[in-house]
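Only one structure is covered here, and it is reproduced in the block below.
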Amino acid sequence: MRDVGVELRALKQRAIIIMGFEAYKPLKGLVKKKLIERIAGSMPDYEGWEEATSSPSLSYFGELVRSPLSTRDYFQQWMHHVTLGFIDSEQASMKLLYALEQAKDLTTVEKQELLDTFWAERWIIDYRVCGSMRFHLLASLRPGPEELEQESRRVFRQLENDLRQARESSQTLDEWLEGLFPITPRVIYALQIFRQQDSDNSKAMKRMVDEMGADIGTLFGTVCVNILKGEREFFSEYALSGLVEDPTDVRALKRGLSYGYRGRIRYPRFWYEEILKFVERADLAELPAALNAIDVRHAVSIALVNAPVVLPAFLKMPKEGYDSPEDLILTLDDASILDEQGSKAGHEDPPRKSFLRQIVSRLFG
Amino acid sequence: MESNHSEYDLAEELMEAAYYELEEHVGFADAGEGDEVRHLLPPGFLEALAWVATSIIIPMVTGVGSSLIADFVKEKGKNPIRRGPGSRFTTRSKRDEMNRVESLSEELLAQKEEIARLKDEIRRLLRDAPREEPSEMGSNPKQVDALRDFLVSNGWPDDIAEEDAMRVTHSVRDRLRRKG
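Here the protein sequences come in this chain order: P and E. FYI, my numbering numbers position 223 of the first sequence as 223, with every residue one higher than the one before it. FYI, my numbering numbers position 90 of the second sequence as 90, with every residue one higher than the one before it.
Listed below in structure tokens is the structure:
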């Protein structure tokens, strides 16, 4: 029995990766349409898609579009919205904000919670956009200094709790990344509140929250970039960097590992406990595989949704030599199709196409 | 010699108790650098912070004072703990980073020596203090206040500094009590 929820998540990951990289170059209308049709057309063909989905964000969109929506319809709606999000995140966020503001029966907190659900289900592209939308909902209430102070403390404690929860409950690195994902827009939300204040305390909290955001961004970016470079066993090296000043001093080493676990946002509890066991054994055995095991599509899709602009630029993705719509469409398919088309064309791939082919090969090949 | 070794271990254990209580909030610290740089403070920074925190608590729980510690804490209340080895300044240019690290090196060396003297003083206090039950919390709130103020001067917000000062004090005292 296939699980529609699992299939839907996998399709969203695939779509995000392809859209994320394609959006590096602005898409023309026709290309965008073909792109959507191509991805939507790759949905598996079985009865589950016609059933109404139980997605929390659907009840909202069900009212907006038509109710009830089948999972297939839901995915189509999602594709249109996310396509817009990658091309013009401001317009996409305005559309969503407008819709949220129309929901008169919801309180501001409920609207923020709904926004969190949209983020968790990948309806919004870019954590800064989502965080600003969250702040916009608060700002529309025109809060005074006392209310801002109260909200800043509440959101700070909430961030700490969410972080602790992610650290303690994650049993795999994929769960760790997923656990951190909801935190990033709320980092921006908190920073925007702190910017409205001028006390030493708000500056201190801003500093702390800024570090949280930078640590998570570095984690997502490092994981994504290493995967796209074809690295597979990089996580442990990244996780331990800068934590071990003297590897022969076991006590200092353990303190450094503890600092990486609770002082910085590097790895969750299961990872910390495994690495401690490894240090205590001191038998030069290979690191347990779980310390480097990451679902590559999941990790890359999270990084792209979180910060779509930074990654391709960071990767120095070539911009030239890739401009016909047909070429763009080709990158949607897997590496074997690309190879076939490349050999038919009888010429070398332009640099960007070659780069995308490598990515597609690594993630879907 | 055996005696010195065990005293060293006890001092280090107490420092570790403070270290583990402070590590979750070390992101508050700016190491005297302001907010224009990413902080990325290394474990050595937290260790220096934990040694000072321990030195503030030890006289409280042993009942023996130290003018060296009192002077040090007073001075550090004005000048926060600086970065240690492994520091990085990621938002500056490479050249600026190198210059910055260079200009800090003398200051860090002096701080390292200060911390080493502090460790020796903590060991001395542990060696000379009467072996009595460590005093109860709240019996000497001045030191808790001193620790809170030290954390605030290193970047902590008031209320969280207060909570952390209490937790660190509890933790160090409990560790000392278990070692009795």
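Every residue gets a Cβ at the ideal spot worked out from N, C-alpha and C, and that includes glycine.
Under the Cβ distance rule, Glu-211 of chain P counts among the residues neighbouring chain E, one pair being separated by less than 8 Å.
Look at Arg-266 of chain P: its C-beta is not under 8 Å from any C-beta on chain E. By the CB criterion at 8 Å, Ala-204 of chain P and Ser-152 of chain P fall outside the cutoff.
Residue environment for Asp-73 of chain P: buried (at least 16 other C-beta atoms within 10 angstroms of its C-beta). When secondary structure is reduced to three states using DSSP, Ser-241 of chain P falls in the coil class, being assigned neither helix nor strand.
In the structure shown, Ser-70 of chain P adopts extended strand secondary structure according to DSSP, grouped into three states. The continuous stretches of alpha helix (DSSP H) do not include Trp-123 of chain P, and DSSP gives it neither H nor E.
In this structure, the beta-carbon distance from Glu-245 of chain P to Gly-256 of chain P falls below 8 Å. Between the alpha carbons of Ile-58 of chain E and Phe-72 of chain E lies a distance of about 14 Å. In the same chain as Asp-162 of chain P, and ignoring 5 residues on each side of it, the C-beta atoms closer than 6 Å to its own belong to Ile-183, in chain order.
Look at Phe-28 of chain E: its C-beta is under 8 Å from a C-beta on chain P. Not one beta carbon of chain P lies nearer than 8 Å to the beta carbon of Trp-51 of chain E. Asn-292 of chain P sits in coil when the DSSP states are folded into three classes, being neither helix nor strand. Assigned with DSSP and collapsed to three states, Glu-233 of chain P falls in coil, not helix or strand.
Pairing Leu-159 of chain P with Val-129 of chain P gives a Cβ-Cβ distance that is not under 8 Å.
Nearest in C-alpha terms to Lys-254 of chain P, of all of E:Glu-16, E:Ala-146, E:Asp-174 and E:Lys-179, is E:Glu-16. Distance from the CA atom of Leu-8 of chain P to the CA atom of Ile-87 of chain P, rounded to whole angstroms, is 22 Å. Among the residues of the segment 230-248 of chain P, those with a Cβ less than 7 Å away from any Cβ of chain E are Gly-242, Leu-243 and Glu-245, in the order of the chain.
Judged by beta-carbon spacing, Ala-239 of chain P lies within the 8 Å limit of Tyr-267 of chain P, meaning their Cβ atoms are closer than that value. By the beta-carbon neighbour count (other beta carbons within 10 angstroms, threshold 16), Tyr-261 of chain P is buried.
Within chain P, the residues placing a beta-carbon under 9 Å from that of Leu-46 of chain E are Arg-255, Tyr-259 and Gly-263, ordered along the chain. Assigned with DSSP and collapsed to three states, Gly-263 of chain P falls in helix. For Trp-156 of chain E, there is no enclosing alpha helix (DSSP H), as DSSP marks it with neither H nor E. Taking the Cβ atoms as the reference, Leu-148 of chain P lies roughly 6 Å from Gln-196 of chain P, within the contact range of under 8 Å.
Excluding its 5 nearest sequence neighbours in each direction, Ile-122 of chain E has C-beta neighbours in its own chain below 7 Å: Ala-11, Thr-54, Ser-55 and Ile-58, listed in chain order.
Under the DSSP assignment, Phe-194 of chain P falls in the alpha helix (DSSP H) whose first and last residues are 183-195. What Met-208 of chain P touches in chain E, judged by beta-carbon distance under 8 Å, is His-25, Gly-27 and Phe-28, going in chain order. Per DSSP, the unbroken alpha helix (DSSP H) holding Leu-159 of chain P starts and ends at 145-169. A distance below 8 Å separates the beta carbons of Arg-207 of chain P and Phe-28 of chain E.
For Pro-141 of chain E, no CB of chain P lies under 8 Å from its own CB, so it is not counted at the interface with that chain. Considering only P:Phe-278, P:Ser-199 and P:Gln-165, the residue with the shortest C-alpha distance to Glu-146 of chain P is P:Ser-199. Relative to the Cα of Asp-158 of chain E, the nearest Cα in the group P:Asn-201, P:Ala-15 and P:Asp-210 belongs to P:Asn-201. Cβ contact annotation for Phe-135 of chain P (same chain, cutoff 8 Å, sequence separation greater than five): Ile-188, Tyr-189, Gln-192 and Ile-193, in chain order. Counting along the chain, His-136 of chain P sits inside the alpha helix (DSSP H) bounded by residues 127-139. Proximity of Pro-157 of chain E to chain P, defined by a Cβ-Cβ separation below 8 Å, is satisfied.
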